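Asker:
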Amino acid sequence: SVKIFNAIKEIQGSKDPEVFVKKLLKDTLNWPIEIDEPEFEFDDLGYDWNSELEAMGLRSDEGIQDLFQIAKFPGWPLSMFVVRFGSNSIFTKGRGMTTPLRNLLRNLIEKVRPTASHQTWSQDQLLFMCHHEHEYFQFARFTNVEGKNLPKLQTFGWGPSDQIRTLCEFNLKHLEYKPGLDYTEAIENIERAFDVQSVTKQFYSDYKSAFANFKSELLEHAGCDDDDEIHRYVQLVFNRFLFLRFIEKKGWLRFGDDGNYLLNLYNSFVDRSLAFYQSGFLPMALKGLVEPGKQKSDVYGEVELIGGGLFEASKFDSKFSNLPNEMFSPIIGVNGLLYRYNFTVQESTPLDVQVAIDPEMIGTMFEELVTDRDGKGAFYTPRVVVSYMCKEGIKSVLGDKTDVDEEKISQLVDNENTTSISIQDAKEIREALDGIKAIDPACGSGAYLLGLLQELIKIHENLQTLSSEFDRSKYDLKLHIISRSIFGVDLDQFATQIAMVR
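In structure tokens:
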């Protein structure tokens, strides 16, 4: 893990392709790669696919621009490709690489003729190492999903200022080449590298431990006994921090030279022996994020106007404003909970998973730590169940509201297949989708609301591939769906606040 950490740190500081290949792949992960020094070129690693890429019609300005294959080595079950993208927005905004990689995968499997170097490829035998100018990286792999035509895309990676502990402890160490491993053992290691469950399970455990310790210290500091109100305030504090950790990833909070806003803000107060919570965090949270005109300050840098919800003042904010700095180090310090893991602003779906902590965690941890959980029936619905039920609901609505054939609708909704959809079909479907009204009368932290939003966006985006007349920005689509199509109610106001921030 230390060697991997040092290698990635060097990559983050250099943007040199030779550092990525030599330091990480060859020296650290033990890949037996032959490197010509000092004049390193990617096409020396194996095979240059750029002429084929052009012939496939897959090259674009912001999409895939270069494709190289690393020569396969003995006993290694994957064929490895280095993919250069033309824009960093592919890595920083949405799921920009998903469609280009799916198209590349389909072309490599269906259209590339077998050769001596590869007889045939299946979709789970390819590893894509994607980058933009060796500053943003994503390792990507597709796996088969039973009962689905589309494979699942799993990714992990890093950007120039990202925390990399997750990569070192959970991901990259499992991609080390070990001569002598049989095929089954090698595949099992590779699957561990892309296993999001191991990451989230450890985060659950660490989060609950940090929560319990903070609550214990808060009770001791306040000199009072445990009660529901104190528990809820600790939930509020943790949810504020967790939400802001995600907002950091969007670049909406600025303090210091990198994107680690909370960490930098905390350190600036600790270094000057000033009260972080009272003088830094609470003014930022209760004024900077809520009051127009308060978004820029010498005290807390630059933030965006977010609004109330999580940042409405609580009576405990003033009561506990003088909490000591040491209480926050295990949460947002340099080795604290929220900086030991990679975070992503994209909520995963059953067919698109990033091996990092995603915003679903806000809802998951809320319902994991809610008081009287059994009495309130507060349990988190798994993504796969949410996705299935939302798809079934959409198919039912489209069957009732359009004249489009049932099989065409199923292919579109379940498999993202538009080959049989005519322009007239698409118009009917879009009109029906725009008119959808859905309510979750016990929405909790918004699992079904987010699930339906994702499914509707996905269908719209697939229909947009049929004609430019259907083009709408993702922003406009989301605004329409959130404001006119999905509604949630819950007895627990805190739960609906979580749903809103998600």
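With the numbering used here applied, the sequence shown covers 269 to 770. The beta carbon of each residue, even a glycine, is placed where N, CA and C say it ideally should be. Owing to the predicted nature of the structure, the values given are computational and were not obtained by experimental measurement.
#1: Quick one: what does DSSP say Ala710 is sitting in, helix, strand or coil?
#2: Of the choices Lys340, Gly601, Lys676, whose alpha-carbon is the least far from that of Val538?
#3: Please name the residue in Gly661, Thr733, Glu660 whose C-alpha comes closest to that of Thr687.
#4: Leaving out the 5 sequence neighbours to the left and right, which residues in its chain are closer than 6 Å to His442 when beta-carbon positions are compared?
#5: Find the nearest neighbour of Thr670 within the set Arg698, Gln422, Leu720, judged by alpha-carbon distance.
#6: Among the residues of its own chain, which have a CB less than 6 Å from the CB of Asp739, if the five just before and after it don't count?
#7: Using the Cα positions of Glu628 and Val769, report the straight-line distance between them to the nearest angstrom.
#8: Asn318 to Gly364, Cα distance in whole Å?
#9: State the start and end residues of the unbroken beta strand (DSSP E) segment that holds Gln835.
#10: Are the beta-carbon atoms belonging to Met633 and Tyr475 less than 9 Å from one another?
#11: What three-state label does DSSP hand Gly316 in the structure shown?
#12: Would a C-beta distance cut-off of 9 Å place Ile272 and Ile301 closer than the cut-off?
#13: Can you tell me the Cα-Cα spacing of Ile276 and Glu444, whole angstroms?
#14: Opposite Gly569 in the DSSP bridges: which residues?
#15: Please report the Cβ distance between Ser565 and Gly575, rounded to the nearest whole angstrom; I am assuming they are in contact, meaning their Cβ atoms lie under 8 Å.
#16: So for Asp620, helix, strand or coil by DSSP?
#17: Quick one: complete beta strand (DSSP E) runs, 3+ long, within the segment 709-765?
#18: Taking only the alpha-carbon atoms, compute the straight-line gap between Gly631 and Leu530 and give it to the nearest angstrom.
#19: CA-CA distance, Thr411 and Asp463?
#20: Between Tyr609 and Phe471, which are expected to be in contact by the criterion C-beta below 8 Å, what is the C-beta distance as a whole number of angstroms?
#21: Between the C-alpha atoms of Ala323 and Arg352, what's the straight-line distance to the nearest angstrom?
#22: With 16 other CB atoms within 10 Å as the buried threshold, where does Cys398 fall?
#23: On the premise that Ile749 lies in contact with Leu718, defined as a C-beta separation below 8 Å, what is that separation, rounded to the nearest angstrom?
#24: How many Å lie between Glu488 and Glu497 at the Cα?
#25: Is DSSP giving Ile332 helix, strand or coil here?
#26: Using 8 Å as the threshold, is the segment 515-531 in touch with the segment 569-589, meaning 3 or more CB pairs across them?
#27: Whose CA, out of Leu421, Val652, Phe479, Ile725, lies closest to the CA of Asp620?
#28: Please state the DSSP three-state secondary structure of Ala540.
#29: Can you tell which of Val558, Ser473, Pro650, Lys695 has the C-alpha that lies nearest to the C-alpha of Tyr716?
#30: Taking 9 Å as the threshold (C-beta atoms), are Ala543 and Asn593 in contact?
#31: May I ask you to list the residues that DSSP assigns as paired with Gly425?
#32: On the criterion of 16 or more Cβ atoms from any shown chain inside 10 Å, does Leu376 qualify as buried, or is it exposed?
#33: Thr468 by DSSP, collapsed to three states: which one?
Answerer: Working from what's here:
#1: For Ala710, the three-state secondary structure derived from DSSP is coil.
#2: Among Lys340, Gly601, Lys676, the Cα nearest to that of Val538 belongs to Gly601.
#3: Across the set Gly661, Thr733, Glu660, the C-alpha of Thr733 shows the shortest separation from the C-alpha of Thr687.
#4: Cβ neighbours of His442 within its own chain (closer than 6 Å, five residues either side excluded): Asn457, Arg460, Ala461.
#5: Out of Arg698, Gln422, Leu720, Arg698 has the C-alpha closest to the C-alpha of Thr670.
#6: In the same chain as Asp739, and ignoring 5 residues on each side of it, the C-beta atoms closer than 6 Å to its own belong to Gln732, in chain order.
#7: Answer to the nearest angstrom: the Cα atoms are 11 Å apart.
#8: Between Asn318 and Gly364, the alpha-carbon positions lie close to 21 Å from each other.
#9: As displayed, the chain neither begins before 269 nor continues past 770, which places residue 835 out of reach and without an answer.
#10: With respect to Tyr475, Met633 sits close: the two C-beta atoms are nearer than 9 Å.
#11: The question names Gly, yet the displayed sequence has Asp at residue 316. The answer is strand: DSSP assigns Asp316 an E or B state.
#12: Against a cut-off of 9 Å, the Cβ pair of Ile301 and Ile272 comes out as no contact.
#13: Going by C-alpha positions, Ile276 is about 15 Å away from Glu444.
#14: According to DSSP, which records beta bridges pairwise, Gly569 is partnered with Ser565.
#15: Between Gly575 and Ser565 the Cβ distance is about 18 Å, and since that is not below 8 Å, they are no contact.
#16: When secondary structure is reduced to three states using DSSP, Asp620 falls in the strand class.
#17: Entirely contained in the segment 709-765, the beta strand (DSSP E) runs reaching 3 residues are, in chain order, 754-756.
#18: Cα-Cα distance, rounded: 21 Å.
#19: Whole-angstrom Cα-Cα distance: 12 Å.
#20: The distance from the Cβ of Tyr609 to that of Phe471 is about 6 Å, consistent with a contact at the 8 Å cut-off.
#21: Ala323 and Arg352 have their C-alpha atoms roughly 17 Å apart.
#22: With a threshold of 16 other beta carbon atoms within 10 Å, Cys398 meets it and is buried.
#23: The C-beta separation of Leu718 from Ile749 comes to about 11 Å, leaving the pair out of contact by the 8 Å criterion.
#24: Distance between the alpha carbons of Glu488 and Glu497: 15 Å.
#25: DSSP, read as helix, strand or coil, puts Ile332 in strand.
#26: Note that the segment 515-531 touches the segment 569-589; at least 3 beta-carbon pairs, one per stretch, sit closer than 8 Å.
#27: Answer by Cα proximity: Leu421.
#28: Going by the sequence as given, residue 540 is Arg instead of Ala. When secondary structure is reduced to three states using DSSP, Arg540 falls in the coil class, being assigned neither helix nor strand.
#29: The candidate whose alpha carbon is nearest that of Tyr716 is Pro650.
#30: A contact, by the Cβ cut-off of 9 Å.
#31: In DSSP, Gly425 forms a bridge with Gln406.
#32: Result: buried.
#33: Thr468: helix per DSSP, three-state reduction.
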